[in-house]
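> Below is a structure I'd like to ask you about.
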């Protein structure tokens with residue numbers, strides 16, 4: 006009796022195992038078989054591309070360049086807006102009507118003709134499903150109408166000069182063939198690449214669109230793989246990958262047959278320094294929070310740090326030398342206008358502090374009125390590089406007699422406390438709206454991430470309003486530049502570094518550095534921006 | 016401060032190695048009880064030393080020093096240094112000390128819950144018993160790590176989240192143990208007699224049940240430690256818990272994971288070893304205590 | 103008859119337990135101060151407040167918890183567990199596609215720890231008191247105390263990085279299409295994670311088997327058989343194995359809960375795309391629907407393990423045959 010029971014139990018176990026293994030082995034359906042031609046490459050560009058949908062309507066690939074889909078406009082290598090599916094456009098005097106004239110003869114992957122109706126459909130769909138799209142902000146769009154086949158008119162509810170940025174971020178989908186579910190993995194567009202295979206979280210294989218309106222890409226197939234970064238490096242070492250995104254911590258690794266390429270970005274890291282003294286503040290929803298910081302409220306401290314720290318050394322230490330010292334938003338942005346000055350002037354910084362009444366204490370840290378010159382700088386959890394930057398900044402500040410307490414906090418904690426401490430922020434986008442978030446006095450709410458330094462400058466406020474409401478793009482750019490000029494002397498934000506995105510690139514692969522556009526925030530996918538220009542020997 | 020801390024550490028290290036030896040080497044004349052007490056105090060001493068060394072350590076000892084990135088283990092840095100040039104030895108000691116502190120708090124909280132629930136369940140019986148049993152089943156119905164994740168998520172993550180999660184999830188097994196023990200004594204003749212003589216349930220619990228349950232409870236309490244420490248480390252390893260500046264063994268190991276591929280073996284070997292030794296020592300203390308308090312089970 | 107009744111009551115218990123776990127999970131997740139909106143939009147988003155409000159409304163983030171619970175419970179009863187924010191897929195789909203990977207891992211580890219632990223235990227019992235026995239015992243004690251993730255890291259360092267024998271992670275070779283992946287590829291990728299996960303159970307099973315077998319070897323019937331002149335091999339096969347194996351298997355089934363916890367760690371170390379890495383990602387990304395979904399799923403899984411263990415237990419222990427089972 007017993008032995009029978011035992012046999013049954015054993016059989017059950019065996020059946021379970023066989024069932025599972027068989028179940029695993031047989032999954033995956035008849036996908037296109039892999040054609041190992043000479044012009045196929047495999048790339049690792051991080052996991053972000055796998056995390057969301059590939060559907061432009063849901064915010065996919067909103068970096069300002071064509072991939073599977075083209076947008077109305079695109080960002081040029083000089084960071085200017087250029088036409089893509091739109092040949093040209095005009096803006097009305099009141100800055101509320103945008104008229105786009107479309108390119109003719111462009112076809113979607115499915116063979117259908119691209120027309121104004123597709124544009125109207127795409128924008129309406131996003132507008133009605135804003136919740137699905139966190140990349141394109143159409144909340145100020147009132148209506149979009151197709152006039153004939155090749156003209157689209159946008160009506161805005163209020164002037165919004167950043168609307169052009171939205172048109173570069175939103176890829177156009179066909180109005181007839183759009184399928185919300187299918188497009189998550191296989192979007193149909195007019196772009197140079199078509200998705201041939203999509204394995205959730207593992208790989209995406211794209212093939213060249215031979216009928217692409219600007220000419221077919223040179224590479225015929227690209228496999229985008231997802232894995233842990235260290236696995237990617239191991240695979241690069243064994244020669245299985247042609248492009249590998251690497252964090253600064255790994256750049257010193259030697260990989261045979263590959264070179265390290267440091268690509269330009271517009272991504273900067275800055276530390277916010279509250280400009281008002283510590284006080285209690287009641288937010289709009291009745292919450293009591295502490296805002297301001299007594300130490301950073303002293304302009305001398307902010308200025309001393311800005312001119313005293315050695316940015317290159319911070320970059321060498323924290324980022325293994327990857328990145329360029331930054332003192333403001335980068336010059337590769339149309340609206341970027343960085344203040345120019347020499348840093349690492351520690352002598353001058355000391356005398357600045359002493360003139361402001363600070364005296365060195367016994368431990369080498371400045372004091373004034375019994376208060377030590379120390380404050381907290383926070384890096385958000387989950388971003389080691391920012392923590393490393395904060396720590397390296399702390400080392401520099403300490404040499405100057407300023408004690409920095411480096412901490413890591415979650416975003417939820419930072420929302421509550423960002424207004425009273427230094428925070429390492431990262432900004433890198435084509436849209437100058439970020440300047441409003443940083444300097445507009447009305448953006449301060451006590452909590453959240455906008456204007457956490459509680460900056461107030463009437464001239465800046467006026468300029469920001471002017472830039473936001475400008476009809477003419479040039480006027481807006483000029484106003485945004487001026488905003489940076491009038492705020493520079495207040496040192497409310499201490500810029501540290503303009504990040505560089507580093508990649509291991511196969512020696513046989515040319516990634517066409519001339520047509521790379523400066524990368525926005527988010528190391529990884531932006532390297533694919535000009536993949537249609539890549540060539541493989 | 017540095018000298019003091021390292022002296023404490025040396026003493027701790029010496030006791031640790033002694034413990035690994037076979038019992039016989041301590042001489043035949045010592046009786047079993049004395050030997051047990053010696054083991055328990057040596058192991059306890061080591062763990063206490065680590066905890067105190069961590070508590071009073073200057074943060075400078077494990078501070079950032081970018082000039083010393085990725086140094087191999089040496090005399091100056093016995094466990095090497097990491098990607099920010101922090102000394103791994105002091106980080107590990109501090110991390111383990113934090114773990115032990117959390118373990119202490121967690122065991123205290125969990126064991127008190129277990130004691131109350133266990134005795135209540137046994138003494139009251141009926142509905143109370145069923146409700147408590149059901150709660151135990153409910154908590155044990157989820158894999159422990161999943162429950163920990165949920166609670167630490169509820170607390171919004173962070174060090175507090177992990178501490179609370181570890182503290183409030185370790186009671187179910189001990190509750191069962193206490194309940195079983197209490198039931199045993201409840202049905203004993205002398206307890207029944209006490210009831211008959213007009214003692215209130217509370218008095219019975221105080222005079223008879225608690226003293227009887229105490230040994231089992233104490234051993235269970237000590238044996239909770241290794242679990243609590245291990246779970247704390249697991250949670251921090253997964254990315255919950257303390258922010259980057261606060262050393263925790265789990266966090267240290269998850270950082271080490273990123274540098275394995277580039278051959279930085281020392282980053283994961285030593286901190287993990289320290290955790291392993293601590294867990295084993297707690298187990299050992301628990302086992303020996305069991306023998307001390309309950310000699311019957313001592314001759315396995 | 104008894105058995106039908108037992109299975110029926112067990113099923114009822116399971117339903118109740120799953121319902122309770124669901125409510126518990128929901129309460130825990132709903133009470134969290136973590137703002138899912140931040141996780142979804144990103145903290146440094148320059149999205150306008152109007153757009154953010156629309157997103158919150160769409161996901162129902164602005165409604166009171168009780169309303170949210172009722173909506174969620176209603177949907178769940180209809181088989182709709184919601185949409186995962188992390189993977190942008192329905193939760194059911196995420197769980198189902200990842201479950202196979204985790205099940206393969208769990209079963210491989212489960213069989214491995216069972217078989218190895220059992221053999222080691224028997225070996226140690228036969229040579230009780232020898233150097234081998236002591237080494238094995240010490241080794242098992244170390245394994246029992248070793249953190250799974252640390253052990254995994256050491257395995258990676260030695261076998262993948264230093265020796266290069268095994269892949270660094272993932273569930274399949276990166277340069278192959280899903281359809282071309284053979285069962286050997288899968289086993290090859292499964293090996294290290296499975297060994298790592300098996301250390302959870304190996305020590306326990308080995309020590310248990312050893313002790314049980316020693317007890318049997320000291321029993322009268324065993325000694326009698328020995329006196330009758332049966333060889334050691336015969337003795338062990340006839341009297342030892344039979345009586346030790348079922349309790350050991352029972353113990354194994356009861357370890358489902360620990361194994362499920364273990365996959366969260368092992369999968370993270372080996373970047374293995376199963377449920378363990380998904381639940382970690384869900385908790386870190388404030389992906390409430392996925393977090394609750396996997397929690398409930400894990401409860402069902404654990405219950406299945408305990409249920410099998412109890413059924414087996416009632417078979418092993420004749421005293422329990424009539425009286426159903428006890429927890």
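Protein chains in written order, with the numbering used here: chain H, 6 to 542; chain C, 16 to 315; chain Y, 103 to 429. All residues carry an ideal CB built from backbone N, CA and C; glycine is no exception. These figures come from a predicted structure and were not determined experimentally.
1) Using a Cβ-Cβ cut-off of 8 Å, state whether residue 95 of chain H counts as contacting chain Y.
2) Does residue 129 of chain Y have its Cβ less than 8 Å from a Cβ in chain H?
3) Quick check on residue 383 of chain H: does DSSP put it in helix, strand or coil?
4) Measuring only the C-alpha atoms, how far is residue 401 of chain H from residue 378 of chain H?
5) State the CB to CB distance for the pair residue 179 of chain H and residue 123 of chain H, rounded to an integer number of angstroms; the pair is presumed to be in contact (CB under 8 Å).
6) At which residues does the alpha helix (DSSP H) containing residue 78 of chain H begin and terminate?
7) Please determine, among C:103, C:67, C:135, C:105, the residue with the shortest C-alpha to C-alpha distance to residue 228 of chain C.
8) Could you round the C-beta distance between residue 420 of chain H and residue 386 of chain H to whole angstroms and report it? I think they count as a contact, below 8 Å.
9) Starting from residue 217 of chain C, trace the alpha helix (DSSP H) both ways and give me its first and last residue.
10) Find out if the Cβ-Cβ distance for the pair residue 362 of chain Y, residue 298 of chain Y is shorter than 8 Å.
11) Compute the Euclidean distance between the alpha carbons of residue 443 of chain H and residue 456 of chain H, then round it to the nearest angstrom.
12) Going by C-alpha to C-alpha distance, which of H:537, H:541, H:542 sits closest to residue 220 of chain H?
13) Looking at the C-beta of residue 132 of chain C, does it have a partner C-beta in chain Y at a distance below 8 Å?
14) Rounded to whole angstroms, what is the Cα-Cα separation between residue 74 of chain H and residue 217 of chain Y?
15) Who does residue 505 of chain H pair with in a DSSP beta bridge?
16) Less than 8 Å between CB atoms is the rule here; does residue 258 of chain Y satisfy it with respect to chain C?
17) DSSP state of residue 86 of chain C, grouped into three classes?
18) Any residues in the segment 264–279 of chain C with a beta carbon nearer than 9 Å to a beta carbon of chain H? Which ones, in chain order?
19) The alpha helix (DSSP H) spanning residue 174 of chain H covers which residue range?
20) Pull up the DSSP beta-bridge partners for residue 211 of chain C, would you.
21) Decide if the segment 125–143 of chain Y is in contact with the segment 112–132 of chain H; the criterion is three or more beta carbon pairs, one per stretch, under 8 Å apart.
22) Between the segment 74–107 of chain C and chain H, which residues of the former have a C-beta closer than 7 Å to a C-beta of the latter?
23) So, does the segment 265–277 of chain Y touch the segment 226–244 of chain H, judging by three or more C-beta pairs under 8 Å?
24) Less than 8 Å between CB atoms is the rule here; does residue 286 of chain C satisfy it with respect to chain H?
25) So, does the CB of residue 298 of chain C fall closer than 8 Å to a CB anywhere in chain Y?
26) How do the segment 70–77 of chain C and the segment 102–114 of chain C stand: do at least 3 beta-carbon pairs fall below 8 Å, yes or no?
27) Within the 8 Å Cβ cut-off, does residue 247 of chain H reach chain Y?
28) Which same chain residues, not among the five before or five after residue 412 of chain H, have their C-beta less than 7 Å away from its C-beta?
29) Along chain Y, in chain order, which residues have C-beta atoms closer than 8 Å to that of residue 239 of chain H?
30) Quick one: give me the first and last residue of the alpha helix (DSSP H) that residue 264 of chain Y is part of.
31) Rounded to whole angstroms, what's the CA-CA distance from residue 97 of chain H to residue 105 of chain H? Just pull it up for me.
32) Which complete beta strand (DSSP E) runs does the segment 122–153 of chain Y hold, if anything under 3 residues is left out?
33) Do residue 238 of chain Y and residue 248 of chain Y come within 8 Å of each other at the CB atom, strictly closer than that value?
34) Spell out whether any CB of chain C is found under 8 Å from the CB atom of residue 178 of chain Y.
35) Should residue 406 of chain Y be labelled buried (16 or more other beta-carbon atoms within 10 Å of its own) or exposed?
36) Looking at the strands, I want to know which residues DSSP matches up with residue 264 of chain H.
So, from the data block:
1) no
2) no
3) strand
4) 14 Å
5) 5 Å
6) From DSSP, residue 78 of chain H is part of no alpha helix (DSSP H) but of the beta strand (DSSP E) over 78–80.
7) C:135
8) Not a contact, Cβ separation roughly 13 Å.
9) 216–219
10) no
11) 5 Å
12) H:537
13) no
14) 54 Å
15) H:269
16) yes
17) coil
18) 270, 272, 273, 274, 275, 276, 277
19) 168–174
20) DSSP output for residue 211 of chain C lists no bridge partner at all.
21) no
22) 79, 81, 98, 99
23) yes
24) no
25) yes
26) yes
27) no
28) 381, 383
29) 262, 263, 270
30) Where residue 264 of chain Y is concerned, there is no enclosing alpha helix (DSSP H), given that its DSSP letter is neither H nor E.
31) 12 Å
32) none
33) no
34) no
35) exposed
36) H:510
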